[in-house]
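Q: Line by line, the protein sequences give chains S and Y. According to the numbering used here, the first sequence is numbered sequentially starting from 170. According to the numbering used here, the second sequence is numbered sequentially starting from 536. For every residue, glycine included, the Cβ atom is placed at its ideal position computed from N, Cα and C.
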Amino acid sequence: MTMSMTESVTTTKKDWASDQEPRWCPGCGDYSILSAMQLLLPELGVERSRTVFVSGIGCSARFPYYMNTYGAHLIHGRAPAFATGLKLARPDLDVWVVSGDGDALSIGGNHLIHAMRRNVDITILMFNNEIYGLTKGQYSPTSELGKVTKSSPFGSLDTPFNPISLAIGAEATFVARTHDMDRKHMMEVFRRAHDHKGSAFVEIYQNCNVFNNGAFEQITGKEVRADNLIPLVHGQPIRFGQNGEKGVTVDRYGRLRIVDVAEVGEDALLVHDETIEDPSIAFALSRLARGPFEPTPIGIFRAVSKPDYGTMMADQIEKVRSQKGQGELAKLLRSSSTWTVD
Amino acid sequence: MSSTTTSEHESKVVDRAIIRFAGDSGDGMQLAGDRFTEASAFAGNDLATFPDYPAEIRAPAGTTAGVSAFQVQISDHDILTPGDAPNVLVAMNPAALKVNLHELPPGAVVVVNTDAFDQRNLTKAGYTSNPLDDGTLAQYKVYEVPITSLTLEACKPTGAKPRDAERSKNFFALGLLSWMYSRPIEVTLNWIDKRFGTDTLVGQANKLAFSAGYNFGETAELFEANYEVHAAHLPPGTYTTVSGNTALAWGIIAAGELAKRTVFLGSYPITPASDILHELSKHKEFGIKTLQAEDEIAGVGSALGAAYGGALGVTTTSGPGLDLKAETIGLAVSLELPLIVVDVQRAGPSTGMPTKTEQADLLEAMYGRHGEAQVPVVAAKSPGHCFWAAIEAARIALKYRTPVILLSDAYLANGSEPWRIPEMSELPDISVSNATEPNHTDNKGAKVFWPYVRDEATLARQWALPGTPGLEHRIGGLEKEDGSGHVSYDPVNHETMVRLRSAKIAGIVNDIPRLEVDDPSDPVSGGNGKAGEQSHADLLVLSWGSTYGSVLGAVRRVRARGHRVAHAHLVHLNPFPSNLGEILSAYPKVLVPEINLGQLAKLIRAEFLVDVRSFNKVQGIPLKVHEVEEAILSVISEEDAVVLGNGKSAKEEVPGEERAVR
Ligand code: SF4
């Protein structure tokens, strides 16, 4: 989504916090996401009155209540549909969808993919904690195969979704991943997502310390981060490790490989380009890790420019009006053959 | 060729005629019917149509499953339905004859395309012998016309290939019927020019076939008479012919204009509602935004999102879609946002019979949501009335910030009638304003906006649109604290909110017209619904939705037999008009005819403790006038039986109706 057309306004974090006290479990990753958002919005210079947060059902869905903006807490999975109608009716608004892995990928999967392929100018934040938190701990569509939960005491039989792969497959024009342990990274990704014209999808690795504690610890933990998070930086060779000693290359079959930079040389590394129209490399990057337990790319996978739905809709209306003129009801009612009775 | 009759034929004036064009789905019967209708509208007749087509995309040609029919009644006086039984059946093939014959009264005219009555087609239709010569048609006046070969012959000058030329045979049939009923021919010829172009092959072929059909009627020594149906005396005004779906779409466009709000339609294609989506998609010049959503849920979800942004949010569907939208409608009840949900009912349950009509979604409209989730329900009564019903639904939705369910059905959706086009000055202003100012001071002295502060009279909540500085607020599906709208699990608050939401809907009763009773036997009220007088009719017939025409038609017939019968028709099903209870109690007997198993009857019994009788028929087709007439007579004679004490029940006296009257 893009910034509203009005002049930048000066606000502080406090202005963006509502009078409602957040009611997530102590230590929940949602707090840091909320705080990153409340810190970012003053920087964006947008107006509270033109900002709308909508959500479905789940722990994450409480988010709008804590933002001193317009907000609607809706029903399970349907926020992207609601947001689509809202944004199309009101292109002047900044519309954010806050969702979770269950809300977005399970019950609301259909709305999510269609909002993305239409390229509606909304920003979708998906808090991925790989569990159902609100209903107290069942496996989710991102839980790993074999996950033992209350509803899968002998291990889940469901193959998980890879949300980034899904978003790229659904024609999303902006696809990114960040995590709740890095406020700066979150803010930067949110900023870019907000500024993107069209559907922006952001997966946020979020720790549910009550029902799935440490799900991302192997990659986001302070000590392991450098070795297990692969930062995607536009225009830069993809490399990671304490001293940037590891990197990513493409082999002659188009497969991505993690390599020792010393072995292959810096020039052999893949240079990240988020603007490539063809989604193959972005998709391959999304498949680099089989799960958040081995080196995993974070950052912006894809940010391509494509006409957004609302703009195309407005153009179409404009075009029809320039051909037919502004609609007149009296004329419409007489548009088929008519006859008069005296 | 001339549009006046020649001297060889006697021309008989009739007051009305019912014509049914029937053929294979590929035979163009809907088009022929449409054109006949248009010409009749030009002739000034009152009319009503009933297109009846198969749901199968392409049933095997020549089979009974593939038969498509179009019935139209034309009349020199005000009529209410497309008629019960055709006076004339045009059967383009054996299957069409087979499917429709049983509805013809003895003496009716049957025009058959003899070219289609070959062994193959007879077998496909399931005939073991040829009905044209085995006595099947003995009691009808049969005209055997080789329509296909005459069409081919007529189209020869165009040089069209026989396979293409044959497709003009519906125009031959149309031409013949146009002669038979003295229809103006220019209307059709001009239409062909406009539609197909003056010098295209198909335009030429259609015109030649049409003229050939007309001339065949005039010159063939086959027909002893043709008919004239004089113009009806409709109230003065400018008229057009509209189908229910078109009128409904126009009503939505009008509502947007009258409310000064952008119309946003979120809709998923479904029979028989899709034409509303099509019509609204055509009219972008009104700034209408249409989204063909990914599913029914997204259709209503996007409409609700648009409504939250201040648009006139609309979703259109049929029964299966209404099931899917239930949760979002409940959300709209809780958010208290305006929303129009159009349900064009079709035969259910499940996929049922998608192209066939039914009135069986009434209870779903009333109660089909979890929790206490009352919504207003408005039902259209005729194709043209769909326009007014849409405006009324929008008016209620906007004023009371509530979803409104607008019920139409397959019969109204596809049927058409002459419709007097209203002047713009006849249309109501339905605009409402949004909040612009804070309405509460919080405990820190700051001015804030509370979304659930209500108007004392209507109980409608204050509605602030996103984008309004200073009125930022959050709403949601969780229970809200009265006034502030904050999430609340307080038990007493919940009950307060449940009762407030319910009272708001119930209170709409003060804002809808009182029910008018058509009771000519009541000299006191003159039929204006004043109840409690001695002189009332013995029976009130109460109807709703698309049965309006059949029921009123039946009531008129029963009156013509000298009986005293009153009629009232409900457009508002929730809330009911304020005087409904009073009216019901003024009549010793109440009969409710419905195309369901008694849904309105159940509501009336529950609400008013009145022991209404039902007449129910659920066959996917509109009620026939004579059926309702018999049902009324049955109830009346039952009364007589008691009075006369002859010990005979009405049910025995009216054979064949025991299934329905209880
Ligand atoms: S259950 Fe998990 S996700 Fe939900 S609030 Fe608690 S910690 Fe956060």
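Mind pulling the chain S residues with CB within less than 7 angstroms of Y:L783?
A: None at all; the shortest Cβ gap to chain S is about 13 angstroms.
Q: If I measure Cβ to Cβ from S:Q387 and keep anything under 7 angstroms in the same chain, skipping five residues before and after, which residues do I get?
A: Cβ neighbours of S:Q387 beyond the five flanking positions: V393, N397, P461, F462.
Q: Looking at the structure shown, is Y:T1199 part of a helix, part of a strand, or coil, going by DSSP?
A: Beyond the ends of chain Y as shown, which are 536 and 1197, falls residue 1199 of chain Y; an answer cannot be given.
Q: Could you please tell me which residues of the stretch 940-964 of chain Y, in chain order, have their CB closer than 7 angstroms to any CB of chain S?
A: I956, M959
Q: At 3 residues or longer, what runs of the beta strand (DSSP E) sit wholly inside the stretch 191-224 of chain S?
A: 220-224
Q: Given the structure, does S:C194 come close to ligand 1, in the sense that its CB is under 7 angstroms from one of the ligand's heavy atoms?
A: Yes, Cβ of S:C194 sits closer than 7 angstroms to a heavy atom of ligand 1.
Q: Does any residue of chain A bring its CB to less than 8 angstroms from the CB of S:S229?
A: Structure shown: chain A not included; protein chains present are S and Y.
Q: Quick check on DSSP: helix, strand or coil for Y:N741?
A: helix
Q: Please state whether DSSP places S:P466 in a helix, a strand or coil.
A: Reduced to three states, the DSSP call for S:P466 is strand.
Q: Output yes if chain S places a C-beta closer than 8 angstroms to the C-beta of Y:L632; else output no.
A: no
Q: Taking contact to mean at least 3 C-beta pairs separated by less than 8 angstroms, is the stretch 580-596 of chain Y in contact with the stretch 764-779 of chain Y?
A: In this structure the stretch 580-596 of chain Y touches the stretch 764-779 of chain Y; the number of beta carbon pairs closer than 8 angstroms is three or more.
Q: Between Y:T723, Y:A838, Y:P1048, which lies nearest to Y:F706 when the distance is taken from Cα to Cα?
A: Y:T723
Q: Do S:V379 and ligand 3 come close, with the Cβ less than 7 angstroms from some heavy atom?
A: Because ligand 3 does not appear in the structure shown, any question about it cannot be addressed here, the ligands present being ligand 1.
Q: Quick check: the Cα distance between S:A451 and S:A336, rounded to an integer number of angstroms?
A: 11 angstroms
Q: Y:R953 and S:L262 look like a contact to me (Cβ under 8 angstroms); what is the Cβ gap, rounded to whole Å?
A: Note that residue 953 of chain Y is Pro in the sequence shown here, rather than Arg. Actually they do not touch by this definition, with Cβ atoms about 45 angstroms apart.
Q: Once DSSP output is grouped into helix, strand and coil, what is the label at S:Y422?
A: DSSP, read as helix, strand or coil, puts S:Y422 in coil.
Q: Please confirm whether S:D511 has its beta-carbon closer than 8 angstroms to some beta-carbon of chain Y.
A: S:D511 belongs to the set of residues whose beta carbon lies under 8 angstroms from a beta carbon in chain Y.
Q: Measuring alpha carbon to alpha carbon, tell me which residue in Y:L870, Y:E871, Y:V877 is nearest Y:Y803.
A: Y:V877
Q: Could you have a look at Y:R1091 and say whether DSSP puts it in helix, strand or coil?
A: The three-state secondary structure of Y:R1091, taken from DSSP, is helix.
Q: If we count Cβ pairs, one from each stretch, closer than 8 angstroms, do we get three or more for the stretch 178-197 of chain S versus the stretch 227-234 of chain S?
A: yes
Q: Closest by CA to S:F370, which one among S:I427, S:F380, S:R287?
A: S:R287
Q: Name the chain S residues that come within less than 9 angstroms of Y:P1004, Cβ to Cβ?
A: Taking a Cβ-Cβ cut-off of 9 angstroms, the neighbours of Y:P1004 in chain S comprise E216, R217, S218, R219, given in sequence order.
Q: Using only CA atoms, which one of Y:G848, Y:A552, Y:N761, Y:A594 lies nearest to Y:G618?
A: Y:A552
Q: At a cut-off of 7 angstroms, is S:L209 close to ligand 1 when judged by its beta-carbon and the heavy atoms of the ligand?
A: no
Q: Of all Cβ atoms in chain Y, is any one closer than 8 angstroms to the Cβ of S:T304?
A: no
Q: Taking contact to mean 3 or more Cβ pairs, one atom from each stretch, closer than 8 angstroms, check whether the stretch 1040-1049 of chain Y and the stretch 847-865 of chain Y are in contact.
A: Taking 8 angstroms as the limit for Cβ pairs, the verdict is that the stretch 847-865 of chain Y does not touch the stretch 1040-1049 of chain Y.
Q: Near Y:A828, what residues of its chain come up, given a Cβ to Cβ distance below 7 angstroms and the 5 sequence neighbours on each side ignored?
A: G801, S802, Y803, G834, S837
Q: Do the stretch 874-893 of chain Y and the stretch 836-856 of chain Y touch if we need at least three Cβ pairs shorter than 8 angstroms?
A: yes
Q: DSSP three-state call for S:I486: helix, strand or coil?
A: helix
Q: Among Y:L962, Y:T649, Y:L1006, Y:E961, which residue has its Cα nearest to the Cα of Y:H975?
A: With distances taken between Cα atoms, Y:H975 lies closest to Y:L1006.
Q: How about Y:K819: is its C-beta nearer than 8 angstroms to some C-beta of chain S?
A: Residue-level contact by beta carbon holds for Y:K819 and chain S, with a gap shorter than 8 angstroms.
Q: Just checking my contact of S:K319 with S:G306 at CB under 8 angstroms: how many whole Å lie between their CB atoms?
A: 5 angstroms
Q: May I have the straight-line CA-CA distance separating Y:P595 from Y:G601, to the nearest angstrom?
A: Inter-residue distance for Y:P595 and Y:G601 is about 6 angstroms (C-alpha atoms, whole angstroms).
Q: State yes or no: is the beta carbon of Y:S837 nearer than 8 angstroms to at least one beta carbon in chain S?
A: Yes, Y:S837 lies at the interface with chain S (some Cβ there is under 8 angstroms from its Cβ).
Q: Who are the neighbours of Y:P1123 on chain S, taking C-beta pairs under 8 angstroms?
A: Under the 8 angstroms cutoff, chain S gives no residues; its nearest Cβ is about 40 angstroms from Y:P1123.
Q: Hey, how far is the Cα of S:H283 from the Cα of S:H365?
A: 18 angstroms
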